[in-house]
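Participant: Those letters in the sequence shown? Residues 1 to 1118, per my numbering, in order. Using N, Cα and C, we set each Cβ at its ideal position, and we do this for glycine too. This structure is a prediction, so every number in the text was calculated from the model and none was measured. Here it is, the structure, as structure tokens.
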Amino acid sequence: MPEPINQRTDVPAERLAEQLEKPELDDRTYRVIRLPNKLEALLIHDAETDKASAALDVNVGAFSDAADMPGIAHAVEHLLFMGTEKYPVENDYNLYLSSNNGHSNAYTASTSTNYYFEVGASSTPSNSGASSAANTTEDLSTTKTKSPLYGALDRFAQFFIKPLFLEETLDRELQAVDSENKKNLQSDVWRLHQLTKALSNPQHPFHTFSTGNLDTLKHEPLKRGVRIRDEFIKHYEKHYSANRMKLVVLGKESLDELESWVEEFFSPVVNKDLPQNRWDHVHPFTAKELITQVFAKPVMDARSIDLYFPYPDEEHLFDSHPSRYLSHLIGHEGPGSILSLLKAKGWANSLSSGVMPVCPGSAFFTMSIRLAEDGLREYKEVLKIIFQYISMLKETLPQKWIFEEMKEMTEVEFRFRQKSPASKTTSRLSSWMQKPLPRDRLLSAQSVLKTFDPDAITKGLAHLRPNNFRFTLVSQTFPGDWSEKEQWYGTQYKYEKIPDDFVAELKEAASSNKATRPSSLHLPHKNEFIPTRLEVERKEVDKPAKAPKLIRRDANVRTWFKKDDQFWVPKTNLHIFLRTPLLHATPLTSVLTRLYRELVEDALSEYAYDAEIAGLDYDIGNQFQGLDIRVAGYNDKLPLLLEKVLLTVRDLEIKDERFRVIHERLVRGFKNWYWSQPYAQVSHYSRWMIQDVGWINDQYLDELPSISAEDVRRFFPQLLNQMYIEVLAHGNLYREDALRYTDLVEKTLRPRPLPPTQWPLRRNLMFPEGSNFVYERELKDPGNVNHCIEYVLFVSNDVDRTTRAKLLLLSQIAHEPVFDTLRTKEQLGYIVFSSSLLSGTIAGWRILIQSERTPEYLESRIEAFIVSLGKVLEEMSEGEFEGHKVSLINMRLEKLKNLGQETARFWTHISNEFFDFEQVDEDVAHIQPLTKPDVLEFFRYHMVPSSPHRTKASIHLRAQSSASDDTVSETREKAIAVILKILSQLGVAKVDEALLRERFKDVELQVDSITNGILSFLENDAAMAKDEVAKIIEQVKMILAQVFPAKPDTEVNGSPAMPNGTVNNTEQAGQKPSQLSNGITEPQVIKDPWSWKAGMEVSKGPRAVKDLSEFEELEPKL
């Protein structure tokens, strides 16, 4: 075990950099320091921020796992959140953050573990009015008030000084790790990555399983007689050292103040002078793993071919980044590229490439091609084309003009880089600090190219050769004779050397010349989209305008416009909404529009790629009310892209071969959706349940097989024939620019006007007060053991400002208790989420859980939690209540970080047709006067399960597979471990563990059954006196109740039981709900959703909060 070196806390920090190279508009100041214990910190003073943050990156990750405990680094990450010597209450840290408008997270990577949090940047007095809260400009660089950051840093630092690794938290957090792993078991991303690792060099840590599960972290170690808690402490003590830690702190305070706080809280972190974790002398792929082919069977119907070339570690080449030159060309999508040729042949849909860092010392250069159906059959030809292109790059030599284009765009992007959320900034920078970057270039070195180094590019290119790679072909059908199964995820695969004759063909392709390779492979042309006019007219204003102006409004068009008045970047964001009732009229028209949209994007892909790499992009989306076209980026060349997009939308030529590829891809996409995570699927159904008009995945799939290219050719002119055009133009442009863009849209598309009476109306179903609906579906993925529930309580069918404020405040108060109770304490699953639900005119509160537990059980635990939440509210002090109000107000008043966020806010208010541009201020004004009795009354009326007014709907997604026998045995092992621990703590003398296991092998895993089993064991096998047993049995029961929550009945008279054990026999919405004995409305199971929806009342459509004339700034008509 490394010994801590002598360290002093009275020595001032060493200042490594006082100024950093930063973007032109960056108003922050920076300082890099090193404490005497060698912990390095980047301090960021941002006087304008409303969120403070800190992140600490430790140079230890999964690659440092003990060989016999895979996942231990990940488990230690979880356990550091569970209490420290100074703050022993396990949820103190998260509770403090939550009550100060904050949150936290962490992740474990291969060579580092990254912890970060975000918290309100300043304290607002709890008795302040809404107006003062809204207008606070407190600069903590000049005030003595300590912000919430101070308390957060204190708690955060203790993770790295004296964590407790509490025995009582171990089982729960290991269960969380296990749930996280189970969440990923059916994910092809995780499965294929682990397969790549499993087939790598066993002597390199890349080979290992890094997530961990109950077997690796508990059951197997217990069998070996290992004291698990001791192992976690050993790992922490062995690897966590101040000199391996990089800290970033961002706040409103001055740099001197931040430095003093860092010294105060982080100087006690022990320095063990550990070396950097590096693996310079071993590579993940040796000669044994090279020139091999892997055939892998995915869960989803996917087809791809992935290439891996061992590649040098480029961390020290931060000036030239030679691999970026190669990935720019190999991953190019314009004329002359690999992808262009593959698409022309109908073999591929996409291609990506670049360096995948493995660890300090090694990397891979990777290429990934998503194959079309014909491309799977021709995969050998695909590989030959790749090597032919590489031969062309070697022949043409590195071109300085290409590098200069890349360099110019990196400089432009860095110059006009806008702020990102505080925790994203600190987490990213703390990770970058582990790299050998000059400290004055921490912000720029990872992104800005400086030096053209053709020799380094040539050396990198030399690694891309047929005798230095492996490929993985992913398909559900080819070759069909997968002979092996990966240990951790169960992926079926076949692994072998590439046949010699095919290697020879690849070598021939790699040595091809201009005469023997396809003439369509060539370097890209010069990029016409690189911006040259980057001027911004900066006109300061007292306050940024909160709403755009309506500068055109007539029978054809509405144009909204705002010239940027706060971010000052040479960018424009355009939204063009083509309102039509035809798009979403039926499942068929929805699918036809989706096909049309994807064909447009396919036709534009080569042209638009140059725009994309020059910081200008577009997007076309299907919305309920019409087609949404977005064009955004540097405004200099925006008109070029906009015109091309509009002409393609109007004049699309549909080629039969591209239609066939895209149609097949869309069919696969809709089918694969059923294999996505249950929590992603449940939201699809919940949205559909509350919408008046809506379609689900099943209906789209029913329509697709019969649709032809000719159907789309006939359909899209009808779609464009009659529309109402709505435009939002926002950014570095003038009024006349916005009107000119609008004219271009109108004159290019030339639609007939669509009168307002024909506009599609977004309406919701109105849930009757007191109703209790359940909609259940079975998941189609037979291998997924996770069930899912989304539980929604509706509070209004026509939400007003006050109801909205109460809902937002209740959601804020409940957020941390939901997570702490249902995820941390009850360990129901890794995915536990709660939020307010605001959609159209409807308002509610929802809890979502993905779990191995059944939906009925999850619903019972949610309802038990809601009852307990009432007690939390009742016992909450006025100070705590006011703290939640302040936290919520600060959250609503959080400043916009960039132009895109403001555009998104404007477009939300325009597209939902409420035009509520002052919603934030209105929320604050209605939250501020709320009292605790207001919220309690609201909660008791709408949320308490026994309230006759409570209105509820839940969606149950049921897994086909139940938890495996291994999971049951895991639970039994957990029970036995808990029993042994309890008996030890309560002073029971030596226990015969083998006999205990024998006695409990058939005991039902419920509190009463386990308690009776312990009672019998103590009295009969341990021969304890009954009076001694009686003294401890109540304590046993209390402890067990925390570990094994009561399990509801799973079946009543052969039918699935609802949370209260009632049989589901009410089918339709029109039937009057009956009451159970405890006052809860009996669940009404929706068996025919279409009839159910037809029987529900429908809300009115959205109503503008102001007359649109109040936003008008129209030009006078001549």
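(1) With a cut-off of 8 Å on the beta carbons, I'd call Ser430 and Leu247 a contact; round off their distance for me.
(2) Which class does Tyr389 belong to by DSSP, given the choice of helix, strand or coil?
(3) What do you get for Ser110, buried or exposed, if any count of 16 or more other CB atoms within 10 angstroms of its CB means buried?
(4) Are the CB atoms of Met766 and Glu1097 nearer to each other than 8 Å?
(5) Would Ile530 and Ala614 be called neighbours here (beta carbons separated by less than 8 Å)?
(6) Which ranges would you report for the alpha helix (DSSP H) in the region 854-915 if only whole runs of at least 4 residues count?
(7) Closest by CA to Met82, which one among Asp171, Glu21, Leu43, Ser122?
(8) Can you tell me where the beta strand (DSSP E) with Ser605 in it begins and where it stops?
(9) Taking the alpha carbon of Leu80 as the point to measure from, which residue in Ser64, Lys51, Tyr116 has its own alpha carbon closest?
(10) Can you give me the C-alpha to C-alpha distance between Ala1069 and Ser179, rounded to a whole angstrom?
(11) Can you find at least 3 beta carbon pairs, one from the region 340-358 and one from the region 473-487, that sit closer than 8 Å?
(12) Within the same chain, show all residues whose beta-carbon is closer than 7 Å to that of Leu761, passing over the 5 residues directly before and after it, in chain order.
(13) Which of helix, strand or coil does DSSP assign to Lys1031?
(14) Measure how close the beta-carbons of Phe939 and Lys1106 come, nearest whole angstrom, since I'm counting them as under 8 Å.
(15) Could you tell me how far apart the beta carbons of Ile955 and Glu790 are, in whole angstroms, since I believe they sit closer than 8 Å?
(16) Exposed or buried, what is Gly331 when buried is set at 16 or more other beta-carbons lying within 10 Å of its beta-carbon?
(17) DSSP has Pro310 in a bridge; who is on the other side?
(18) Please tell me whether Tyr493 and Phe206 are closer than 8 Å, where the distance is taken between their beta carbons.
(19) The alpha helix (DSSP H) that contains Pro357, what's its start and end?
(20) From the DSSP output, in three-state form, read off Leu56 for me.
(21) Assuming Arg417 is part of the alpha helix (DSSP H), what are its boundary residues?
(22) Quick check for students: name the residue ranges of the beta strand (DSSP E) that lie wholly in the region 487-518, counting only runs of 3 or more.
(23) Going by DSSP in three states, Ser1109 sits in which element: helix, strand or coil?
(24) Is there contact here, the region 702-721 with the region 588-597, by at least three beta-carbon pairs under 8 Å?
(25) Using CA atoms only, rank isn't needed, just tell me which of Glu726, Ile457, Thr951 is closest to Ala555.
(26) Which of helix, strand or coil does DSSP assign to Trp261?
(27) Hey, Leu1114 and Arg552 are a contact pair by Cβ (cut 8 Å); roughly how many whole angstroms apart?
(28) Can you give the beta carbon distance from Leu749 to Arg650, rounded, assuming they're within the 8 Å contact cut?
(29) Is it buried or exposed for Asn513, if we count other Cβ within 10 angstroms and need 16 for buried?
(30) Counting pairs of beta carbons, one from the region 398-411 and one from the region 446-466, are three or more of them closer than 8 Å?
(31) If you draw a straight line from the alpha carbon of Met1024 to that of Val1036, how long is it in whole angstroms?
(32) Alpha helix (DSSP H) containing Thr196: first to last residue?
(33) I need the straight-line Cα distance from Leu719 to Leu583, nearest angstrom please.
(34) What's the C-alpha gap between Asp788 and Thr477?
(35) Is His281 buried or exposed, if buried means 16 or more other CB atoms sit within 10 Å of its CB?
(36) Could you pull out every residue in the same chain whose Cβ sits closer than 8 Å to the Cβ of Gly336, ignoring the five residues on either side in sequence?
Facilitator: With the given structure in hand:
(1) 6 Å
(2) helix
(3) buried
(4) yes
(5) yes
(6) 855-875, 878-892, 899-911
(7) Asp171
(8) That residue, Ser605, is in no beta strand (DSSP E); its alpha helix (DSSP H) goes 587-613.
(9) Tyr116
(10) Model confidence at Ala1069 stands at a pLDDT of 40, short of 50, so the residue's coordinates are unreliable; what they give is reported in the following sentence. Going by the C-alpha atoms only, they are around 36 Å apart.
(11) no
(12) Gly1101
(13) helix
(14) Between Lys1106 and Phe939 the Cβ distance is about 32 Å, and since that is not below 8 Å, they are no contact.
(15) 5 Å
(16) buried
(17) Phe364
(18) no
(19) Where Pro357 is concerned, there is no enclosing alpha helix (DSSP H), although the beta strand (DSSP E) it sits in stretches over 348-359.
(20) strand
(21) No alpha helix (DSSP H) contains Arg417, which DSSP labels as neither H nor E.
(22) 492-497
(23) helix
(24) yes
(25) Glu726
(26) helix
(27) 7 Å
(28) 6 Å
(29) exposed
(30) yes
(31) 15 Å
(32) 188-198
(33) 7 Å
(34) At residue 788 the sequence reads Cys, which differs from the Asp that was named. Near 30 Å, if we compare the C-alpha coordinates of Thr477 and Cys788.
(35) exposed
(36) Ser520, Leu521, His522, Leu523, Pro524, His525
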